[in-house]
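Trainee: This is the structure I want to talk about, given as structure tokens.
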Amino acid sequence: MQQKNKVFPVRVSLLHRKFSDYKVDSIIFFNMSNIRYFSGFTGSDGVLIINSGTSILLVDGRYTVQAALEVIDMQIIEYKDKIEGITQTIKDCNLKNIGFEADFITVEMYNKLTRCLPNKVFVPLADELRLIRARKDETEIALMKKAAEISSSAILSLIAQIKPGCTEKELALQLEINARKSGADQPAFEAIVATGTNSALPHARPTDKKIKKGSLIVIDFGVKYKGYCSDETCTIAFGELTDKQKNAYQTVQNAHDRAISIIKANISASDVDNCARDALGEKYRRYFAHGTGHGIGLEVHEAPRLAANSKDILEAQMVVTVEPGLYFPGLWGIRIEDMILVKENGCEKITKMDKELVIIE
């Protein structure tokens with residue numbers, strides 16, 4: 023445990039180097055994923071204050087024992103009221119220019135803090151903090167590879183279990199059962215199992231719709247393993263497809279493969295997105311309704327973004343998804359997705375399933 027927790031002081035130290043750029047002497051974190059990243063605390067509520075001298079985790083009475091077991095090299099303070107706890111800690115540490123996560127604080131909380139601390143300067147940080155977790159260390163990469171192994175195995179097992187008359191809800195439940203049997207802590211998000219016209223909805227939710235012959239089935243699934251997420255999508259054919267469906271699948275697969283082929287350090291995320299869209303061509307491009315991918319880690323959607331308007335530049339040790347799709351409203355849809363580890367001169371596919379079209383007779 024001690025060896026594992028050495029990563030947290032290193033992460034805090036790297037954050038300290040940014041303080042002068044942000045013009046702050048401390049940062050308050052409210053996002054629980056960021057709190058876990060810097061401290062190791064896995065509870066569902068708390069506040070982390072990192073300053074140039076010390077790091078202080080504030081929790082209520084539900085979490086004091088848990089925090090003591092999970093967190094080292096940080097002071098742990100129990101509060102009765104969150105605002106009072108933050109206010110007193112800022113006073114005790116004599117902090118003056120305090121950065122805070124602007125995306126994770128309510129107007130009401132901000133107003134309370136500024137009223138309680140009228141002589142302090144609060145500096146909103148948003149874009150400045152977007153990429154703080156984007157580059158993964160070797161421990162994180164190993165955990166994500168294990169998560170991907172579990173979810174890929176769960177999907178492969180499910181394919182063998184699909185029978186005529188199964189409903190989307192039944193298959194989604196079976197996916198989770200398969201994954202938990204293989205060691206998943208929990209799903210990373212609500213599984214998507216969508217067939218027929220539902221497959222044309224990018225974020226379809228499982229329904230009582232039954233699987234029929236001649237239909238496409240989109241399966242989008244991921245798990246959490248020791249806090250880290252996986253995310254993978256495959257589209258399978260249940261019975262023979264039409265030529266139009268086969269051609270569309272080949273087009274999506276080509277866009278997927280070409281986008282992955284250009285991924286490496288120092289390439290822009292928008293270039294990856296443009297590559298996928300160019301591969302779809304004029305015939306299909308208008309049926310691709312979302313970005314090509316996203317970062318993944320402690321959260322299933324995090325920076326960087328692979329989209330046309332993204333200004334992110336990929337760096338070695340980032341992990342992103344590549345997930346082009348085509349959606350024909352009222353008819354059917356196709357999406358395939360893999361997790362990709364960015365390297366200096368290329369990339370590595372983390373998810374395990376082959377993305378050649380699978381046809382279940």
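Counted the way our numbering counts, the sequence shown spans residues 23 to 383. The beta-carbon is built from N, C-alpha and C at its ideal position, and this holds for glycine as well.
Assuming I184 contacts F260 (C-beta within less than 8 Å), just tell me the rounded distance between them.
Mentor: Their Cβ separation, rounded to whole angstroms, is 7 Å, which keeps I184 and F260 in contact under 8 Å.
Trainee: Under 8 Å by Cβ, that's how I've got T217 and K231 pegged, so tell me the actual separation to the nearest angstrom.
Mentor: Indeed they touch by this definition, with Cβ atoms about 6 Å apart.
Trainee: Quick check: the Cα distance between Y44 and E150, rounded to an integer number of angstroms?
Mentor: Cα to Cα, the separation comes out at about 8 Å.
Trainee: Would you mind working out which of G121, D82, A124 sits nearest E106, comparing C-alpha positions?
Mentor: The option with the nearest alpha carbon to E106 is D82.
Trainee: Let's see if you can read the secondary structure: which residues bound the alpha helix (DSSP H) around C188?
Mentor: Segment: none, C188 is in no alpha helix (DSSP H) and carries neither H nor E.
Trainee: As an exercise, report each continuous beta strand (DSSP E) stretch of at least 3 residues that is fully enclosed by the stretch 34-105, in chain order.
Mentor: Complete beta strand (DSSP E) runs here, min 3: 48-51, 69-73, 77-81, 97-100.
Trainee: In this structure, what does DSSP give as the bridge partners for T257?
Mentor: For T257, which the question treats as bridged, DSSP gives the partners V240.
Trainee: How is the alpha helix (DSSP H) around A210 delimited, first residue to last?
Mentor: No alpha helix (DSSP H) holds A210; DSSP gives it neither H nor E.
Trainee: Would you tell me roughly how many angstroms separate the C-alpha atoms of M23 and F30, rounded to the nearest one?
Mentor: Legend: pLDDT at M23 = 39, less than 50; position of this residue unreliable, value from coordinates given subsequently. Distance between the alpha carbons of M23 and F30: 12 Å.
Trainee: Using beta-carbon positions only, say whether N73 and C138 come within less than 8 Å of one another.
Mentor: Not a contact, by the Cβ cut-off of 8 Å.
Trainee: Please report the residue range of the beta strand (DSSP E) in which E324 lies.
Mentor: Its beta strand (DSSP E) spans residues 324-328.
Trainee: Buried or exposed, going by whether 16 or more other CB atoms sit within 10 Å of the CB of I362?
Mentor: I362 should be labelled buried.
Trainee: Pick from Q97, T64, M96, G75: whose alpha carbon is nearest that of R84?
Mentor: Here the closest residue by C-alpha is T64.
Trainee: Who pairs with I362 in a beta bridge, going by DSSP?
Mentor: I362 is bridged to V342, K371.
Trainee: Is A170 near A194, with beta carbons less than 8 Å apart?
Mentor: Taking 8 Å as the Cβ cut-off, A170 and A194 do not qualify as a contacting pair.
Trainee: Use the C-beta contact count for H316: other C-beta atoms within 10 angstroms, 16 or more gives buried, fewer gives exposed.
Mentor: Buried: at least 16 other Cβ atoms inside 10 Å.
Trainee: Suppose the cutoff is 6 Å on Cβ atoms and the five residues either side in sequence are ignored; what does the same chain contact list for S221 look like?
Mentor: Result list for S221: L238, V240, W354, G355, in chain order.
Trainee: How close, in whole Å, do the beta carbons of I285 and V380 come, if the pair is a contact with beta carbons under 8 Å?
Mentor: With 8 Å as the limit, I285 and V380 do not qualify as a contact, their Cβ atoms being about 24 Å apart.
Trainee: Confirm, please, whether the CB-CB distance from Y250 to L336 is below 8 Å.
Mentor: It is not a contact, given that the beta carbons lie outside the stated cut-off.
Trainee: Considering only their Cβ atoms, is the gap separating T314 from A329 smaller than 8 Å?
Mentor: For A329 and T314, yes; Cβs fall inside 8 Å.
Trainee: So what does DSSP say about E337, is it helix, strand or coil?
Mentor: If DSSP states are grouped into helix, strand and coil, E337 belongs with coil.
Trainee: Quick one: what does DSSP say F144 is sitting in, helix, strand or coil?
Mentor: If DSSP states are grouped into helix, strand and coil, F144 belongs with the strands.
Trainee: Out of curiosity, what's the CA-to-CA distance linking I382 and I233?
Mentor: Between I382 and I233, the C-alpha separation is close to 12 Å.
Trainee: What is the residue span of the beta strand (DSSP E) that L348 lies within?
Mentor: Residues 347-350.
Trainee: Of all the options I258, N288, L263, which has the alpha carbon lying nearest to the alpha carbon of D376?
Mentor: The shortest C-alpha separation from D376 is found at I258.
Trainee: Between which two residues does the alpha helix (DSSP H) carrying E2 extend?
Mentor: Residue 2 lies beyond the residue range present for the chain, which begins at 23 and ends at 383; the question has no answer from this structure.
Trainee: Judging by CA-CA distance, which residue of L197, V215, N269 is the nearest neighbour of V245?
Mentor: Ranking L197, V215, N269 by Cα distance to V245 puts L197 first.
Trainee: In the DSSP output, what is H316 paired with across the bridge?
Mentor: R327, per the DSSP bridge assignment.
Trainee: Which residues share a DSSP beta bridge with C251?
Mentor: For C251, which the question treats as bridged, DSSP gives the partners K246.
Trainee: By alpha-carbon positions, which one of V46, T86, E370, A89 ends up nearest to A287?
Mentor: It is E370.
Trainee: Starting from E130, follow the alpha helix (DSSP H) in both directions and report where the run begins and ends.
Mentor: E130 -> alpha helix (DSSP H) spans 129-138.
Trainee: Excluding sequence positions up to five away, which residues of its chain have a Cβ less than 7 Å from the Cβ of G368?
Mentor: Contacts found: K286.
Trainee: Rounded to whole angstroms, what is the Cα-Cα separation between L178 and E345?
Mentor: One C-alpha to the other measures close to 18 Å.
Trainee: Nearest by alpha-carbon distance to Y271: which of F52, N200, A301 is it?
Mentor: Looking at the Cα atoms, A301 is the closest of the given residues.
Trainee: Per DSSP, what are the beta-bridge partners of V215 in this structure?
Mentor: For V215, which the question treats as bridged, DSSP gives the partners I241.
Trainee: Would you mind sorting N56 into buried or exposed? The rule is 16 or more other CB atoms within 10 Å of its CB.
Mentor: That one is buried.
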